[in-house]
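Mapping of the sequence shown onto the UniProt record's numbering: position 43 corresponds to residue 43, and the numbering continues sequentially without gaps.
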Amino acid sequence: MKYFYFLFFLLIFNVYAQNVNSPTLPSPPLLPEITENKPIERENSSKGENSSNVGLDGKYVNDTILYGLDSQVTSIIKALKKSSDSQYNFSLKKRLEKTFNAELKREILELFISLKYSGGIDTANYILENYESKRYSNALFGLAISYLKEFDDKEKLKKTLIDILENKEGNVVSIAAYYLGELNSLEYSKNMMEVFEKYSGNDGARREILIALGKMSAVDYQDRIYEISLDNYEGPSIGIPFCLIFDHHFP
Numbered sequence: 001m002k003y004f005y006f007l008f009f010l011l012i013f014n015v016y017a018q019n020v021n022s023p024t025l026p027s028p029p030l031l032p033e034i035t036e037n038k039p040i041e042r043e044n045s046s047k048g049e050n051s052s053n054v055g056l057d058g059k060y061v062n063d064t065i066l067y068g069l070d071s072q073v074t075s076i077i078k079a080l081k082k083s084s085d086s087q088y089n090f091s092l093k094k095r096l097e098k099t100f101n102a103e104l105k106r107e108i109l110e111l112f113i114s115l116k117y118s119g120g121i122d123t124a125n126y127i128l129e130n131y132e133s134k135r136y137s138n139a140l141f142g143l144a145i146s147y148l149k150e151f152d153d154k155e156k157l158k159k160t161l162i163d164i165l166e167n168k169e170g171n172v173v174s175i176a177a178y179y180l181g182e183l184n185s186l187e188y189s190k191n192m193m194e195v196f197e198k199y200s201g202n203d204g205a206r207r208e209i210l211i212a213l214g215k216m217s218a219v220d221y222q223d224r225i226y227e228i229s230l231d232n233y234e235g236p237s238i239g240i241p242f243c244l245i246f247d248h249h250f251p
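Printed below as a string of structure tokens:
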């Protein structure tokens, strides 16, 4: 009889144990909690990735400007021209100062002009001082003057241009004369006319000098310019319609 009660007790205990263990199986009420947490984790993770990427992109751009290939910097400059983003100006200034690539110098200076950034003044002056020894192109030479016209001391620039006009030869003289007119350098009109009278090697330079004098309304030389316009020899060689100078520049 005791044995019977013992077996009966084991049977009841086994049934009870099975009923207690059954709730350990996955239950439906737990699923919604997991489902709700996953989108939150994705959203937070996404935000973290975005903010991290922004930081990495900025560092990558700076590092590329400073240490990357010239072609890579050129691609960045093209993008910055479209976006008008000026946050990389300082890095570009450092690259401008150390690069030997004249074309890259030109592209950076053009960007600085569009962004109205004056950080390239030293390099622009360096170009004017060393364009002969470095064999810089006329395009870069003219761009350097244009940059200094926007951001540097105009009186200092005028003196530099007059020095070029009086002492150099070739297309740089024409470029210097053009910008003297753009700077309204009336105080140097006498110097310019003297160069015109003695300059015979470049009709293009003489033409630019006359146009510059017209822009400045240099009335002291109106009669002389008129004489030149009537000269059947000088007029065609210079190839400028002098009547336009009188009509549009002189009173």
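For glycine and all other residues, C-beta sits at the position ideal for the given N, C-alpha and C.
Heavy atom of the ligand ZN within 8 Å of residue i beta-carbon
{"i": "Ser71", "result": "Inclusion of the ligand ZN in the displayed structure is not the case, the ligand content being empty and no account of it being possible."}
Inter-residue Cα distance where the pair is residue i and residue j
{"i": "Phe100", "j": "Ile175", "result": "23 Å"}
{"i": "Arg207", "j": "Tyr126", "result": "28 Å"}
{"i": "Ala102", "j": "Leu80", "result": "19 Å"}
{"i": "Ser229", "j": "Leu104", "result": "42 Å"}
{"i": "Met193", "j": "Asp70", "result": "43 Å"}
{"i": "Gly119", "j": "Phe90", "result": "8 Å"}
{"i": "Asp220", "j": "Lys168", "result": "25 Å"}
{"i": "Ser185", "j": "Leu161", "result": "10 Å"}
{"i": "Phe151", "j": "Lys158", "result": "13 Å"}
{"i": "Thr64", "j": "Gln72", "result": "7 Å"}
{"i": "Lys93", "j": "Ser75", "result": "16 Å"}
{"i": "Arg95", "j": "Ile113", "result": "16 Å"}
{"i": "Leu213", "j": "Gly68", "result": "46 Å"}
{"i": "Ile164", "j": "Val172", "result": "8 Å"}
{"i": "Ile225", "j": "Lys98", "result": "46 Å"}
{"i": "Leu111", "j": "Asp153", "result": "20 Å"}
{"i": "Val195", "j": "Asn138", "result": "20 Å"}
{"i": "Asp203", "j": "Glu166", "result": "15 Å"}
{"i": "Lys134", "j": "Leu109", "result": "17 Å"}
{"i": "Glu227", "j": "Ile211", "result": "15 Å"}
{"i": "Asn191", "j": "Ala205", "result": "14 Å"}
{"i": "Ser83", "j": "Asp223", "result": "51 Å"}
{"i": "Glu187", "j": "Glu197", "result": "18 Å"}
{"i": "Tyr136", "j": "Leu143", "result": "11 Å"}
Candidates the options, of which the one nearest residue i by Cα
{"i": "Gly58", "options": "Lys81, Tyr88, Ala79", "result": "Tyr88"}
{"i": "Gly170", "options": "Tyr131, Leu143, Glu155", "result": "Tyr131"}
{"i": "Ala177", "options": "Ser83, Arg224, Ile209", "result": "Ile209"}
{"i": "Ile145", "options": "Ser84, Ser133, Glu166, Ile121", "result": "Ile121"}
{"i": "Thr123", "options": "Tyr147, Lys154, Arg135, Lys156", "result": "Tyr147"}
{"i": "Glu155", "options": "Ser83, Ser84, Leu180, Leu128", "result": "Leu180"}
Residue i - containing alpha helix (DSSP H), residue span
{"i": "Val173", "result": "171-182"}
{"i": "Ser118", "result": "Neither: Ser118 is in no alpha helix (DSSP H) and is coded neither H nor E."}
{"i": "Asp63", "result": "31-67"}
{"i": "Asp70", "result": "70-83"}
{"i": "Lys168", "result": "Neither: Lys168 is in no alpha helix (DSSP H) and is coded neither H nor E."}
{"i": "Asn89", "result": "89-98"}
Cβ neighbours of residue i in the same chain (closer than 6 Å, five flanking residues each side left out)
{"i": "Leu115", "result": "Ser86"}
{"i": "Glu41", "result": "In this predicted model, Glu41 has a pLDDT of only 37, less than 50, meaning its place in the structure is not dependable enough to derive any value."}
{"i": "Thr24", "result": "In this prediction, Thr24 has a pLDDT of 45, which is less than 50 and means its spatial position is unreliable; what the coordinates show is noted afterwards. Nothing listed; no residue qualifies."}
{"i": "Pro26", "result": "Caution applies to Pro26, whose pLDDT of 43 falls short of 50 and renders its modelled position unreliable; the model cannot decide the point."}
{"i": "Tyr117", "result": "Asn89"}
Residues near residue i in its chain [Cβ-Cβ closer than 7 Å; skip 5 each side]
{"i": "Val61", "result": "Ile76, Tyr88"}
{"i": "Glu107", "result": "Thr74, Ile77"}
{"i": "Gly55", "result": "Caution is warranted here: a pLDDT of 40 is assigned to Gly55, below 50, making its placement in the model unreliable, and no coordinate value can be reported."}
8 Å CB neighbourhood of residue i in its chain, flanking five on each side removed
{"i": "Leu66", "result": "Ser91, Lys94, Arg95"}
{"i": "Ser189", "result": "Leu213, Met216, Ala218, Asp220, Tyr221"}
{"i": "Phe141", "result": "Ile127, Leu128, Tyr131, Val172, Ile175"}
{"i": "Leu183", "result": "Lys149, Lys154, Leu157, Lys158, Leu161"}
{"i": "Tyr199", "result": "Val173, Ala205, Arg206, Ile209"}
- Task: Please go through the region 128-166 and give each complete beta strand (DSSP E) segment of 3 or more residues, from N-terminal end onward.
- Result: Counting whole runs of 3 or more residues, the region 128-166 contains no beta strand (DSSP E) stretch at all.
- Taking the runs of the alpha helix (DSSP H) that are 4 residues or longer, which of them lie wholly in the region 180-222? Segments of the alpha helix (DSSP H) lying fully in the region 180-222: 189-198, 203-215.
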